[in-house]
Amino acid sequence: MKHALCSPSSAYRWLNCPQSVFYQDTRPPGQAAERGTRLHELAYQVLTGQKALGRLTHHDRAEIQHYVELVDTLAKSCDSLLLETTIWHPDFPEICFGTADAVIVNRGVLHVVDLKTGEVGVKAYKNPQLTLYAYMALARLRVAVPGIRSIALYIAQTGRPLDAWRLTVAELERWHGDVVWPVLSHIEQFENWSKAKAGAWCEWCPGKRQGCEAADLAVLGMF
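If you read the sequence shown in the numbering used here, its first letter stands for residue 911, the second for the next number, and so on.
Structure, rendered in structure tokens:
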């Protein structure tokens, strides 16, 4: 599958600096990315019964146990369960899509669970990646699974306590309308912003290696 121009995983960057989507990373995946891919696949195999959690190495079990146990708990008697499923934005499917780790609907709550394997701590509160996945999942499931009233977002990260945040459907839709939709609308028209915006989001932007002046300023802390 082709890479999304506006993937949920990089939403923090392109929501703050739409110009950043014009910088694409062509490097092969590094060791951290390969490790993350392997652990996500391992978690999927455990959740689908292909492997037993107790038979994994101690290290691998410690990496994914919190995530697997949370998904197992939320999935009991659930109305819908999506694992490692590609979800498209309903209005911008050509440029905005991505693979959600776990999406569960249970008793009127849409749960979005993300497995993080990196060393940098990640929080669920107002997390743009999870919130965007929640909006896309809601658009996909709300007809087939009516009665969704609230959203719950979770970060399950190795070596850290489980982190969660809840919001209403109305709050989710308001955030999308005010924050996401205007940016995606402009990007879809390939409107080229005259100047990139420097900020903390520059740290993982490919523009750092492609002559972006904003990224240079961010490195110097001049923003």
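Don't be surprised by glycine CBs; every beta carbon is placed ideally from N, CA and C.
Every alpha helix (DSSP H) stretch that sits fully inside the region 919-953 and reaches 4 residues is listed by chain position as 921-926. With respect to the 8 angstroms criterion, Thr995 and Ala985 are not classified as neighbours on the basis of their beta carbons.
By the neighbour-count criterion, in which a residue is buried when 16 or more other Cβ atoms sit within 10 angstroms of its Cβ, Gln1067 is buried.
Per DSSP, the beta bridge partners of Thr1009 are Thr996.
In the three-state reduction of the DSSP assignment, Gln975 falls in the helix class. Only exposed fits Phe1100, as fewer than 16 other CB atoms lie within 10 angstroms of its CB.
Cβ-Cβ distances below 6 angstroms link Ala1074 to Ala1034, Tyr1064 in the same chain, with the five nearest sequence neighbours on each side left out; the list follows chain order. Per DSSP, Ile1097 is not a residue of any beta strand (DSSP E); the alpha helix (DSSP H) it occupies stretches across 1091-1098. Look at Leu1063 here: in three-state DSSP terms it is strand. Sequence-distant partners of Leu1094 (beyond 5 residues in either direction) whose C-beta falls short of 8 angstroms from its own C-beta, in its chain, are Cys916, His999, Asp1001, Phe1002, Ile1005, Cys1006. Burial check for Ala942: the Cβ neighbour count within 10 Å stays below 16, so the residue is exposed.
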